[in-house]
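Here is the structure we will look at.
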Amino acid sequence: MIYTAFLIKYAEIGIKGKNRYLFEDALVRQIKYALKKCEGAFMVHKAEGRIYVDVISGYDYDETVAALKTVFGISGICPVVYAEDRGFEQLTKDVFKYLDDVYPDKKKTFKVAARRSRKNYPMDSMTINRELGEVILDAYPEMRVDVHNPDILLNVEVREKIYLYSEIIPGPGGMPVGTNGKAMLLLSGGIDSPVAGYMIAKRGVKIDAVYFHAPPYTSERAKQKVVDLAKLVSRYAGPVYLHVVNFTDIQLYIYEKCPHEELTIIMRRYMMRIAERIAKETECLGLVTGESIGQVASQTMHSLAVTNEVCTLPVYRPLIGFDKQEIVELSEKINTYETSILPYEDCCTIFVAKHPVTKPNLKVICRHEENLAEKIEELVQTAMETKELMIVQE
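So the sequence shown is residues 30 to 423, counted in the numbering used here.
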């Protein structure tokens, strides 16, 4: 490829004031991590309020861009060519070569947008725009200037080096992962929870995850499906510490002792209790779920209120106002949808009542949970002691 570097643009980080360098440093770390999986060698560095990825050795352009597009905090990726800093005549040669390599078809409109931050450069920005525009028109008569909506916006930035670019590839936006603490994601094998993990990671939150496994009612294939989903989410969120909790005995005990129309809500309350215990042990600052209002019986306003009652940590629901189609579209975008729809049951669907309560009463639920008093704490403690920890990454 002709490109010798990538200029990385960011959006929200730019308004962080005196703390901006912390976010920039986090973004540099995330870029380095993402590029480890790519062919070639790169140097990622900051200079004059910009972040650059310099190509050191041979690389695959498409693979590199794809990796950069998974890094939260990046708003734009600009493939760059460095121009030699040997006067205006050399600059014009480099511009011609750039245009010839990138745009073989010259029947296009263009605009030169120069920016000179190095004030000892002999030409100011307006002069560069005018002089370069003139020589381009002379060299390529088929090209035309359009200052409002050009086909080619040729950026010429004069900094410690001179570099040229004309394309801005959209990045995922958001904030660098790890700049906003850590949270525990309740990860099932469905469509919603992986998307919720992606959404919360986009806001800079590092995620751990907990999965409730119920053998023999759920198979090893169902467990592997969740591991695969965690791996897909880790492409954006970084390594995911996945806690696998055996929930079978707790579910069977609830099934035996509680009214069947309340099974889902009571099981959900115990999942939240266990997830919170793990979250506190691992210094997470909150829980994350894939719930959206009204999607199923356990996600009505009444049910969510009853579920929340067992938690002391905040519960974040990034998808709370999304409809199902919006969630599906996001899952397709991040490539989790096809895995999520594989037909392996999770522990919730096995024990779903025919007519689950949609407006549970907290006092009634608490009274029925008293039926579990004899053994439930022992079962919860056993589940905590026997949980499996997996470090999942792409």
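Beta carbons: idealized from backbone N, C-alpha and C, even for Gly. Since the structure is predicted, the reported quantities are computational estimates derived from the model, not experimental observations.
| Asked | Found |
| --- | --- |
| Residue burial classification, H177 (beta-carbon count within 10 angstroms, cutoff 16) | exposed |
| Unbroken beta strand (DSSP E) run spanning P108, endpoints | G105 to A112 |
| Nonlocal neighbours in the same chain, by C-beta distance under 6 Å from K211, ignoring five residues either side | K235 and C313 |
| Span of the beta strand (DSSP E) around D180 | Unbroken run through D180: none, as it is neither H nor E. |
| Of the residues V224, L408 and R58, the one placed nearest N364, counting alpha carbons only | V224 |
| Helix, strand or coil at H384 [DSSP, three-state] | coil |
| Counterpart residues of M204 in DSSP-defined beta bridges | R232 |
| Rounded C-alpha distance that separates G218 from R188 | 49 Å |
| For A70 and L281, the rounded distance between their alpha carbons | 54 Å |
| Alpha helix (DSSP H) runs contained entirely in the stretch 271–326, provided each spans 4 or more residues | 277–286 and 292–310 |
| Burial state of K353 (16 or more Cβ within 10 Å) | exposed |
| Touch test, the stretch 146–161 against the stretch 53–70, Cβ-Cβ under 8 Å, three pairs minimum | no |
| Alpha-carbon spacing of Q410 relative to S195, whole angstroms | 59 Å |
| Length of the line joining the Cα atoms of L261 and E423 | 7 Å |
| T121 versus V109: straight-line alpha-carbon distance, rounded | 16 Å |
| Other residues of its chain near K75: CB distance less than 7 Å, five sequence neighbours each side excluded | E53 and V57 |
| Collapsed DSSP secondary structure at R173 in the structure displayed | strand |
| Selection from L214, Y373 and Y132 that minimises the alpha carbon distance to S248 | Y373 |
| Buried or exposed (CB count within 10 angstroms, at least 16 for buried), Q119 | exposed |
| Assumed close pair L215, A304 - CB separation to whole angstroms, cut-off 8 Å | 5 Å |
| Where F351 falls: helix, strand or coil (DSSP) | coil |
| Same chain, Cβ closer than 8 Å to A1, five either side skipped, listed in chain order | It is not possible to answer for residue 1, since the shown part of the chain is limited to 30 through 423. |
| Cut-off 8 Å between Cβ atoms - residues of its own chain near R298, not counting five sequence neighbours on either side | V335, T336, E338, V339, I394 and E398 |
| Burial state of K254, where buried means 16 or more other Cβ atoms lie within 10 Å | buried |
| Boundaries (first-last residue) of the beta strand (DSSP E) holding M419 | E417 to V421 |
| Simplified DSSP assignment, three categories, for R346 | coil |
| Neighbour-count burial assignment, E113, 16 or more Cβ in a 10 Å radius | exposed |
| Identity of the residue in E310, P205, L51 and P244 nearest G267 by Cα | P205 |
| Integer Cβ distance of I279 from L182, believed to fall under 8 Å | No, I279 and L182 are not in contact; Cβ-Cβ is about 60 Å, not under 8 Å. |
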